[in-house]
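Participant: Below is a structure I'd like to ask you about.
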Amino acid sequence: MVLSLLKSMVTSRSATSTAAPRATGSDSAPRVFDFHGGIHPPEHKALSNRAPLVAAPLPHEVVLPLSQHIGAPAQPLVEIGQRVKTGELIARAQGMISAPVHASITGVVTAIEPRQIPHVSGLEDLCIVIERDGEIDEWARLEAWRDWRQQEAQDLIQRLQDAGVVGQGGAGFPSAVKARVRERHAIDTLILNAAECEPYITADDLTMRTHPEALIEGLEILASLIGPECILIGIEDNKPEAVIALEQAIRARRADKRLPPLDSRLEVVVVPTKYPSGGEKQLIKLLTDREVPSRGLPADVGVVVHNPGTVRAVQRAVCFGEPMISRVVTLTGEALQHPHNVEARLGTAIGDLLRLAAPSASGIARLVMGGPMMGFTLESDALPIIKTTNCLLASSPEAVPAPAVEQPCIRCGMCEQACPAELLPQQLYWFSKSREFDKAELYNLADCIECGACSYVCPSQIPLVQYYRFAKGEIRTAQHEARKSERARHRFEFKQARMAREEAEKEAKRQQRAQAAQKAAAARAETASAADTTSTASAAAPSAPAAATDLKAFKTARAAANIALKKAEKALKAAQDSGESSASDLAALDANVTAAKTKLASAESALKAASEASESAAAAPASAVTGASAPAAAAPAAAASAGDLKAFKTARAAANIAVKKAEKALKTAQDSGEGDIAALEASVTDARARLAKAEADLKAASETSESAAPAAASTSTTGAAAPAAAAPAADLKALKTARAAANIAVKKAEKALKTAQDSGEGDIAALEASVTDARARLAKAEADLKAASEPAAPAPASTSSTGAAVPAAAAPAADLKALKTARAAANIAVKKAEKALARASESGEGDIEDLQTLLATAQENLRAAEVRLTSAQADGTGAPPAAKGAGELIPEAPKAAAGSVGRGSMASNVTLSQAEIEASRAENLAKRHKQVTIAVKAAEAAHRKAEAALSEADDESRQRLATKVDRTRRNLEHARESLAEVQALVDAQ
């Protein structure tokens, strides 16, 4: 029988939700739909809706918490002892999701301290206490905009932010942020949530009866910012006076010819009384038949919902310049003799307001802020009211029976039938009770609105909502612990970086001691060389490996210091992006970065000193070698020259990268307006100077290498013919690389000149000179390559011996194998770069511009490897056959006929290489265009995903997600710029 009664309670009046539409003063009314579940508890609204709305007296003292809204708390701007006026700003908003706080009375600030606030946790928070000064209420209003239609939308949004307007019906979400929803979503419906389904509460009812014209104008202001096609006022059928007042106000607004016609369709929609029809998602379902997705927002289905109190606050802020310093509060309950609604200043003590309603002599058994279904119990009446306080419910001892004893679940399913969110409360109860929170999350525990309908109908008297709140709290705690674990991981990485830095310092000290010993040995060797040149020459050979070993150790130390610096910078950036590290942690990380930079500079200076000492030590023995020893020393000298040239090229490349990074950092700082721009400009200048020095050193080393090559060739003998044969191949490879580098330099210079000409910025004359110089270098590189590619005169066959012929024949095969290996390695590098770019584009993390540069470099290396392999294979087809036997000379290769273009001829080789180069460039350009297009799409998807996550984020993760949105936006800009560049190359081709 009990179950039948409960079931009838849940399902009663369900037919009314699908009945014919109600008349609203027009010929036809919009259709009303229905939502799942719902209950019909006793309303008790007649206690407070019979008396008119009155203004509460000014309080003697107000306590204004800095967290009266969702998001970051406000930051105090006043000091103790400072006199403030009504409406004066006393705390400014911090961050995007925040709201300022204004003085609600004229008086003196007496305290800024933590005090208990009206919150379900019962904890304390920072509050500003103001004591009233005299009876005069002096105002500090903003500028009044009665002609608000002449204002820009951005100015209206800023006014809502400056006035501290937040939602008065829920969690206190800043209205200025909600007004910007059109920037990310297409909105077609604006809903005024006037259902007020919670029992006892009548604050919105009295607001609509008393100020209907203000509500209509407030809706017009919001509609001008959101741009909906229609405005729907959803109101339950138990508020007939409010319905009549709103319809009269709408007719008067339409009849007023002094004002422009309404841009949107405005209608009052009467819905059946059912709890919780005032829920945001439930009212959207009732009025539009749209369902907000799980973990979604109303904006995802094109709807924005506001509360009547919020809309009136918007109208007061825009039209009269009044910040949000008061609100309508319902004073009701069986323990009050004169329940009614009052408009009270924020910060007023709850006890002062209750005394206006004359508490009964029996006293208050239970004091609740909010309604009986979703409100929470207050332990004291000394707490202040805040922006989200809509009702104070004072219950008498008779109205508060003893709590029933919880019984085992009988699996009746009544909770599932009553749940308006269409969840499975029974399953969620079991998961919460057994602490299986991961399963509770899978069953969409986050979608529970905690309306209490399931607890209301439960025949076993199980406090289901309390279990759900417990589970949500535990899940939040687990997420907080996960963030703490992440911070601990960062600290561990910092420790590892510090240990690596200390080890690098120890290694540098050891290398310094080894360098001092080496210098002493070099001095002794120089003294001995003055006495005996021959002994010096013989002693020079053993010392060379030692010097090379020391130089390698210094390079290792420099690399370790560089790695330590990168780790420290990465750790600092991760801490700054997360926004969860304290100031002391950030200071420690910054100190680690500074120390790592110092160690790197020390390692680089030590390496430079060791390099100079090695060069000076190598120069002395070389000058002492004369006579017959000169040919023997030619090969090592050539190898050393090649090694130095490679080192100079590496240094030039590193200096070039440093210049690009410095210029990028300077551009970022100039765009954002943050950072030490003067220091960054000095860094760019220093990096360019280092690049110029590196290029000069490379040029001098190249000239020295070129002048040393003929001398080494002239001193070579027949016995050294096999080693000397490898030198032309190495020179040809170097010349091809130089030609490719010069070609890239020309393209970059031309691109920079074109960009400057298009934008009209930069030193165009200097850029034109740079293009001319780059083209001259390219012409010289092509001439050198052409000269080196010409076939040399064949050596006399009589100089070859049987013993030397076999190694000479084996050399081409070994070179071909090495070229194939190089081509395979270059191909692997291209694939790795493509995967890295794809991952960065999908996740929205990482520097896409650097990855694209890396991919372009890898593709260029692959093209060069393929060209070198093709050339070697073409040369190999015309090579002489292998030796037939011992004692037989290898026959001379047959000469190609005049005009022949066979594969073994030089003409065919050159023509084939150029054709392959052009074909390879065209193919890779097409691949590049496809890759960049995919990267742009992935970057756009990552940016949209980050924006969606930011709009749904809570306060704790909003700063981190805002940083991620900014990073994905920059990545998207870089990807689009790369696509434009590649498209230009495709069009030019």
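Take the sequence shown: its letter number 808 is residue 848 in the working numbering, and every next letter is one higher. Just so it is clear, CB atoms sit at the ideal spot from N, CA and C, and this is done for glycine as well. In this text, all values refer to a predicted model and were calculated from it rather than measured experimentally.
1. Please identify the residue among L464, C491, C494, N233 whose C-alpha is closest to the C-alpha of E1058.
2. DSSP three-state call for G274: helix, strand or coil?
3. Using the Cβ count rule (16 or more neighbours within 10 Å means buried), how would you classify E276?
4. Spatial neighbours of Q201 within its chain, please: C-beta separation below 8 Å, excluding the five flanking residues on both sides.
5. Apart from the five residues just before and just after K1004, which ones in its own chain have a Cβ nearer than 6 Å to its Cβ?
6. Have a look at M413 and E1013 and give me their C-alpha separation to the nearest angstrom.
7. Work out the CA separation of E533 and D617 for me, nearest whole Å.
8. Pull up the distance between the alpha-carbon of E721 and that of E714, whole angstroms please.
9. For A1024, count neighbouring C-beta atoms within 10 Å of its own C-beta (all shown protein chains included) and say buried if the count is 16 or more, exposed if not.
10. Quick one: Cα of A580 to Cα of K559, how far?
11. Measuring alpha carbon to alpha carbon, tell me which residue in N233, T146, E521 is nearest K125.
12. Report the rounded CA-to-CA distance for L326 versus D74, giving the unit in angstroms.
13. Taking three-plus beta-carbon pairs below 8 Å as touching, is the stretch 972–992 in contact with the stretch 855–863?
14. Under 8 Å, with one C-beta from each stretch per pair, do the stretch 170–182 and the stretch 323–341 reach the 3-pair mark?
15. Take the Cβ of T861 as the centre, count every other Cβ of all protein chains shown within 10 Å, and call the residue buried at 16 or more, exposed below.
16. Just to confirm the assignment: which complete beta strand (DSSP E) runs, minimum length 3, are found wholly within the stretch 414–481?
17. Between which two residues does the beta strand (DSSP E) harbouring D165 extend?
18. Is the beta carbon of G274 closer than 8 Å to that of R352?
19. Given a threshold of 16 other Cβ atoms within 10 Å of its Cβ, counted over all protein chains shown, does D244 qualify as buried or as exposed?
20. Should A444 be labelled buried (16 or more other beta-carbon atoms within 10 Å of its own) or exposed?
21. Out of I168, Q115, Q501, which one is the CA nearest neighbour of A151?
22. Do A384 and A434 have their C-beta atoms closer together than 8 Å?
23. Counting Cβ pairs, one atom from each stretch, are 3 or more of them under 8 Å apart for the stretch 424–441 and the stretch 507–514?
24. Just the C-alpha distance for A518 and Y508, rounded to the nearest angstrom, thanks.
25. Among residues of its own chain, excluding the 5 on either side of Q355, which ones have a beta-carbon nearer than 7 Å to its beta-carbon?
26. Using 8 Å as the threshold, is the C-beta distance between D421 and L407 below it?
27. Report, in whole angstroms, the separation of the C-beta atoms of R779 and E822, which I expect to be a contact under 8 Å.
28. Do Q447 and S500 count as a contact pair if the criterion is CB distance below 8 Å?
29. Quick check on the burial criterion: 16 or more other C-beta atoms within 10 angstroms. Buried or exposed for R298?
30. If you check the beta carbons only, do I241 and G403 fall under 8 Å apart?
31. Flag this pair as yes or no: are the beta carbons of R998 and L990 separated by less than 8 Å?
32. Between which two residues does the alpha helix (DSSP H) carrying T812 extend?
33. Between which residues of its own chain and L891 is the CB-CB distance below 8 Å, once the five residues before and five after are set aside?
34. If we ignore side chains and look at the alpha-carbon of each, how far apart do A627 and A611 end up?
35. What is the DSSP secondary structure of W188, reduced to helix, strand or coil?
36. Report the residue from R199, C270, G210 whose alpha carbon sits nearest the alpha carbon of I231.
Facilitator: Judging by the given coordinates:
1. With the chain covering only 41 through 1029, there is no way to say anything about residue 1058.
2. strand
3. buried
4. A133, A139, P140, P214, A216
5. A986
6. 50 Å
7. 16 Å
8. 13 Å
9. exposed
10. Any reading at A580 needs caution, since the residue's pLDDT is 46, under 50, leaving its predicted position unreliable; the model's value is listed next. Looking at the two C-alpha atoms, the distance is approximately 14 Å.
11. T146
12. 5 Å
13. no
14. no
15. exposed
16. 431–435
17. 164–172
18. no
19. buried
20. exposed
21. I168
22. no
23. no
24. 15 Å
25. A254, E257, G258, I261
26. yes
27. 6 Å
28. yes
29. exposed
30. no
31. yes
32. 804–829
33. A873, A876, L877, A880
34. 12 Å
35. helix
36. C270
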